[in-house]
Amino acid sequence: MYRRLSLFVTALALFAIPANASAASYPAVSTANVNIRTGPGTSYQVISTIPQGAGLQVYSCTANYAWCDASFSGMRGWVSGNYITYAARGQYYGRPVTAVGIYVGVPRIYRNYPIYRSGPRVFAPPPRAVAPLPPRAVYPLPPRAHRPHAGRPPAAHAPRAHQPRAHQPRGPNQGPPRGNGPHH
């Protein structure tokens, strides 16, 4: 009787634990036509191409968000993080997950998709959507100085010495000639 009760409690505890702690997915949208691959890198085989603007589900990403484990139209694989944006906005809880539930069952293997090696360990959820920066004021550039002789340095201008001018005839309304003589 004790053994049967302990087996029942153990079975109940195993079913109460989530099968996969990383089963949470995040909605995302592709920003360009992007390949979904069998592993996190361009050396892995292409499964299909996700068209620009298509919705997909992201399950996890590598530590630097370069590659994300995602699904699209029933296909699950790895997508470059450079070509997806996250559709949901909200608060991001920035603390790392320290404990993960145990995995019950056999890992899912895709029979038609060859897996060459296991991917990198996943450390973080997808990044949160970032609000765009406010527009900045744009000021016009000041006008450029006029340079008539481009490529040549300007000539040096020395101050002119005062030189007396020869007497020039003046008109009837211009007054007496100026000079060193007596003034009237």
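Heads up: the sequence shown runs through residues -21 to -1, 1 to 163, numbered per mature numbering (1 follows the signal peptide of the UniProt record, and there is no 0).
For every residue, glycine included, the Cβ atom is placed at its ideal position computed from N, Cα and C.
For clarity, every value in this text was computed on a predicted model and none was experimentally measured.
Exercise for review: Tell me whether V25 is buried or exposed, calling it buried when 16 or more other Cβ atoms sit within 10 Å of its Cβ.
Suggested key: V25 should be labelled exposed.
Exercise for review: Can you grab the Cα-Cα spacing for the pair G60 / P122, in whole Å?
Suggested key: Distance from the CA of G60 to the CA of P122, rounded to the nearest whole angstrom, comes to 44 angstroms.
Exercise for review: Over the uninterrupted beta strand (DSSP E) stretch that includes Q36, give me the two end residues.
Suggested key: First-last of the beta strand (DSSP E) with Q36: 34 to 40.
Review point. With DSSP run on the structure shown, which of helix, strand or coil describes N14?
Key: N14: strand per DSSP, three-state reduction.
Exercise for review: Give the straight-line distance between the Cα atoms of A110 and V58, rounded to the nearest whole angstrom.
Suggested key: Between the alpha carbons of A110 and V58 lies a distance of about 23 angstroms.
Review point. According to DSSP, what are the bridge partners of G53?
Key: Beta-bridge annotation (DSSP): G53 is not paired with any residue.
Point to revise | Three-state class that DSSP yields for Y62 in the structure shown | key: Helix, per DSSP.
Check your understanding: By a C-beta neighbour count over all protein chains shown, 10 Å radius and 16 as the cutoff for buried, is L112 buried or exposed?
Key -> Using a 10 angstroms sphere on the CB of L112, the tally of other CB atoms stays under 16, which defines it as exposed.
Practice item. Assign S22 to one of three DSSP states: helix, strand, or coil. Key: In this structure, DSSP gives S22 a state outside helix and strand, which the three-state scheme calls coil.
Exercise for review: Please list, in chain order, all residues of the same chain as V49 whose beta carbon is under 8 angstroms from its beta carbon, the five residues on each side excluded.
Suggested key: Note that residue 49 corresponds to Ala in the displayed sequence, not to Val. Within the same chain, A7, I15, L35, Q36, V37, Y38, R55, G56, W57, V58, I63 come within 8 angstroms of A49 by CB-CB distance, once the 5 residues on both sides are set aside.
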